[in-house]
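K.L.:
Here you go, one structure.
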């Protein structure tokens, strides 16, 4: 098992607890540099709305930080070296050496005990934090001493698999090395001088050893996709496509400055037609937001990114059954893609239509469905899709509108952005996260696309 001495500055933060109730207690263990901390039997690690919370005495007794409490102002102060963190009970904004910084969750006072977000406090003091969901363990890692080489590394920001293509969003000057191996059959992609970005690590499955797996279903060529921080010298992110049999590939998007590269398995010893050729139409479905970008937050704290992904996956599965349509999803999991990367996918593939899925937000009384287009060439697609979606949602018809959104402005093909309903409205939010409702909307999108593309 590899140990990575370069964990200095490696902001790979993994504290994504399983979704469930708003607050859950765990008899979790906390490790500091591999050594288990001795916690009192009554000390519980809590998951409150997805944030890891611990009693403040865990910070003071086990990490050695100076902790102060001002009862009159309900302020807890944590000091270490030249860093001072001030947090007020019930306030999501902390002061870091006088600078206002937002936390994911405000400290709370329970039974005379102050409970604080361990990730936030530990990071501010220079520790790396990881969460092992299977072992229910928090790992705190003290950075090793060394230079600032980690700051020069490129980052892997997202990994997704759709239409037999591995799509990797990156930042920095990246030149992936791709190798075909056998026994067993697999394609290995090494991204040297790179690390996982903080947002990727926080929103994808990565264990304490910095390994993870992308769930891939419905592709006979592919067993699974694995990824890891494979090497420390040079720092290398490795992605492995495990195959059911030997498969050729093409590599796209490796030009200097590219923020996305694609390993395309839609090829063979005798190259076949690219998606969208042979009489087929190609549609790109874009699930808005993702990872650290939640989008709009609903009345019951539901996130737009979860709705958009759920609906996009349903649309994708339906389109995969269509003999005359190929489909590509910009993301198939909780991954973040820049707007320009979403556009690049569609433009590079020369898609026939682009559909970006979103949910709206506004005053609590606002309700309904609206469809946006930017260019005149997209208006017909917007009208056709809107007609069918309105019939499926049963919500107020807010019309087809012209909007200056990046993904429908910069795409070269007819493109629309769907605002299916309002997360800020109790009734709309309830419907948006209803499986039956999502299925109906997905079917309406497919029917609309088939009508617009004139395919049977």
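In mature numbering (1 follows the signal peptide of the UniProt record, and there is no 0), the protein residues as written are -21 to -1, 1 to 435.
In this text, a Cβ means the ideal position worked out from N, Cα and C, and glycines have one as well.
1) Regarding residue 429 and the ligand GDP, is the C-beta to nearest heavy atom distance less than 6 Å?
2) State the start and end residues of the unbroken beta strand (DSSP E) segment that holds residue 156.
3) Among 91, 311, 323 and 66, whose alpha-carbon lies nearest the alpha-carbon of residue 79?
4) Which whole-angstrom value is the C-beta distance of residue 37 and residue 18, which I expect to be below 8 Å?
5) By Cβ distance, which residues of its chain are closer than 8 Å to residue 223, with the 5 residues on each side in sequence left out?
6) Can you pull the DSSP bridge partners for residue 192?
7) Out of 168, 158, 138 and 152, point me to the one whose CA is closest to residue 179's CA.
8) Do three or more CB pairs link the segment 204 to 213 to the segment 226 to 235 at distances below 8 Å?
9) From the DSSP output, read off the bridge partner residues of residue 302.
10) Quick one: what does DSSP say residue 417 is sitting in, helix, strand or coil?
11) In chain order, which continuous runs of the alpha helix (DSSP H) of length 4 or greater are located wholly inside the segment 319 to 403?
12) How should residue 243 be labelled, buried or exposed, when 16 other C-beta atoms within 10 angstroms of its C-beta is the threshold for buried?
13) Can you tell me which of 333, 418, 316 and 421 puts its alpha carbon nearest to the alpha carbon of residue 146?
14) Using DSSP with H/G/I as helix, E/B as strand and the rest coil, what is residue 225?
15) Taking the alpha carbon of residue 119 as the point to measure from, which residue in 98, 131 and 134 has its own alpha carbon closest?
16) The beta strand (DSSP E) that contains residue 138, what's its start and end?
17) Just to confirm the assignment, what range does the beta strand (DSSP E) spanning residue 169 have?
18) What residues in its chain sit with their C-beta under 7 Å from that of residue 430, if we drop five residues either side in the sequence?
19) Quick one: using the 10 Å Cβ neighbour count with 16 as the cut-off for buried, is residue 333 buried or exposed?
20) Of the choices 291, 377, 404 and 390, whose alpha-carbon is the least far from that of residue 425?
21) In three-state terms, what does DSSP make of residue 73?
22) Could you please give me the residues that DSSP links to residue 107 through a beta bridge?
23) Helix or strand or just coil, what does DSSP make of residue 282?
24) Where does the unbroken beta strand (DSSP E) through residue 312 begin, and where does it stop?
25) At what residues does the alpha helix (DSSP H) containing residue 411 begin and finish?
26) Would you tell me roughly how many angstroms separate the C-alpha atoms of residue 398 and residue 144, rounded to the nearest one?
27) For residue 391 and residue 377, I'd like the C-alpha separation in whole angstroms.
28) In chain order, what residues of the same chain have a beta carbon less than 6 Å from the beta carbon of residue 16, not counting five sequence neighbours either side?
29) Below 8 Å on the Cβ atoms is my guess for residue 400 versus residue 350; work out the distance and round it to an integer in Å.
30) Measure the C-alpha to C-alpha separation of residue 353 and residue 360 and round it to an integer number of angstroms.
31) When the Cβ atoms of the segment 70 to 88 are set against those of the segment 23 to 35, are three or more pairs found closer than 8 Å?
32) Quick one: is residue 26 buried, meaning 16 or more other Cβ sit within 10 Å of its Cβ, or exposed?
33) Do you know whose CA, among 140, 74 and 403, lies nearest residue 196's CA?
34) On the criterion of 16 or more Cβ atoms from any shown chain inside 10 Å, does residue 303 qualify as buried, or is it exposed?
35) How far does the beta strand (DSSP E) with residue 52 in it reach, from first residue to last?
36) Could you check which residue in 432, 340, 260 and 393 has the C-alpha nearest to that of residue 408?
P.N.:
In short, the structure shows the following:
1) The ligand GDP is absent from the structure shown, which contains no ligand whatsoever.
2) Position 177 of the chain shown holds residue 156. DSSP places residue 156 in the uninterrupted beta strand (DSSP E) bounded by 156 to 160.
3) Your numbering for residue 79 matches position 100 in the chain shown. Of the candidates 91, 311, 323 and 66, the one whose C-alpha sits nearest the C-alpha of residue 79 is 66.
4) On the chain shown, residue 37 is found 58 positions in, with the first residue counted as 1. On the chain shown, residue 18 is found 39 positions in, with the first residue counted as 1. Rounded, the Cβ-Cβ distance is 7 Å, consistent with contact.
5) The sequence position of residue 223 within the chain shown is 244, counting from 1. By the criterion of a C-beta distance shorter than 8 Å, residue 223 is surrounded in its chain by 164, 199, 200, 201 and 202, once the five residues flanking it on both sides are discounted.
6) Within the chain shown, residue 192 is the residue found at index 213, counting from 1. Residue pairing by DSSP places residue 192 opposite 205 in a beta bridge.
7) As a first step, residue 179 is located in the chain shown; it is residue number 200 there, counting from the start. The candidate whose alpha carbon is nearest that of residue 179 is 138.
8) At 8 Å Cβ cutoff, the stretches do not touch.
9) Here residue 302 corresponds to residue number 323 of the chain shown, with the count starting at 1. Note: residue 302 sits in no beta bridge, so no partner.
10) Taking the chain shown and counting its residues from 1, one reaches residue 417 at position 438. Helix.
11) 358 to 372 and 385 to 388
12) Position 264 of the chain shown, counted from the start, is the residue given in the question as residue 243. Buried is the call here.
13) Within the chain shown, numbered from 1, the residue matching residue 146 stands at position 167. If we check each option's Cα against that of residue 146, 316 comes out closest.
14) As a position in the chain shown, residue 225 is number 246, starting the count at 1. DSSP places residue 225 in coil when its eight states are reduced to three.
15) Position 140 of the chain shown, counted from the first residue, corresponds to residue 119. Residue 119 has its Cα closest to that of 98, out of 98, 131 and 134.
16) By 1-based counting over the chain shown, the position of residue 138 is 159. Taken as a continuous stretch (DSSP letters only), the beta strand (DSSP E) holding residue 138 covers 133 to 141.
17) For the purposes of this step, residue 169 is identified with residue 190 of the chain shown, where counting begins at 1. Where residue 169 is concerned, the enclosing beta strand (DSSP E) starts and stops at 165 to 171.
18) By 1-based counting over the chain shown, the position of residue 430 is 451. The answer, listed in chain order, is 363.
19) As a first step, residue 333 is located in the chain shown; it is residue number 354 there, counting from the start. So residue 333 counts as buried.
20) For the purposes of this step, residue 425 is identified with residue 446 of the chain shown, where counting begins at 1. Measuring from the Cα of residue 425, the nearest candidate turns out to be 291.
21) Numbered from its first residue, the chain shown carries residue 73 at position 94. The answer is strand: DSSP assigns residue 73 an E or B state.
22) Taking the first residue of the chain shown as position 1, residue 107 is located at position 128. According to DSSP, residue 107 bridges with 120.
23) The residue you call residue 282 lines up with position 303 of the chain shown. Residue 282 falls in the strand class under three-state DSSP.
24) Taking the first residue of the chain shown as position 1, residue 312 is located at position 333. Where residue 312 is concerned, there is no enclosing beta strand (DSSP E), given that its DSSP letter is neither H nor E.
25) Walking along the chain shown from the start, residue 411 turns up at place 432. Residue 411 -> alpha helix (DSSP H) spans 405 to 411.
26) In the chain shown, residue 398 corresponds to position 419, counting from 1. In the chain shown, residue 144 corresponds to position 165, counting from 1. Approximately 27 Å, taken between the alpha carbons.
27) Your numbering for residue 391 matches position 412 in the chain shown. Your numbering for residue 377 matches position 398 in the chain shown. Going by the C-alpha atoms only, they are around 26 Å apart.
28) Start at 1 with the first residue of the chain shown, and residue 16 comes out as number 37. Closer than 6 Å at Cβ, skipping near neighbours: 9 and 41.
29) Here the question's residue 400 lines up with position 421 in the chain shown. Here the question's residue 350 lines up with position 371 in the chain shown. Actually they do not touch by this definition, with Cβ atoms about 12 Å apart.
30) Along the chain shown, one-based indexing puts residue 353 at 374. Along the chain shown, one-based indexing puts residue 360 at 381. Answer to the nearest angstrom: the Cα atoms are 11 Å apart.
31) yes
32) As a first step, residue 26 must be located in the chain shown, where it is residue number 47. By the 10 Å Cβ count, residue 26 comes out buried.
33) Residue 196 sits at position 217 when you count from the first residue of the chain shown. The shortest C-alpha separation from residue 196 is found at 140.
34) Walking along the chain shown from the start, residue 303 turns up at place 324. Per the 10 Å Cβ criterion, exposed.
35) Within the chain shown, the letter at position 73 stands for residue 52. Here residue 52 belongs to no beta strand (DSSP E), and DSSP marks it neither H nor E.
36) Working through the chain shown from its first residue, we reach residue 408 at position 429. Distances from the alpha-carbon of residue 408 to those of 432, 340, 260 and 393 put 340 closest.
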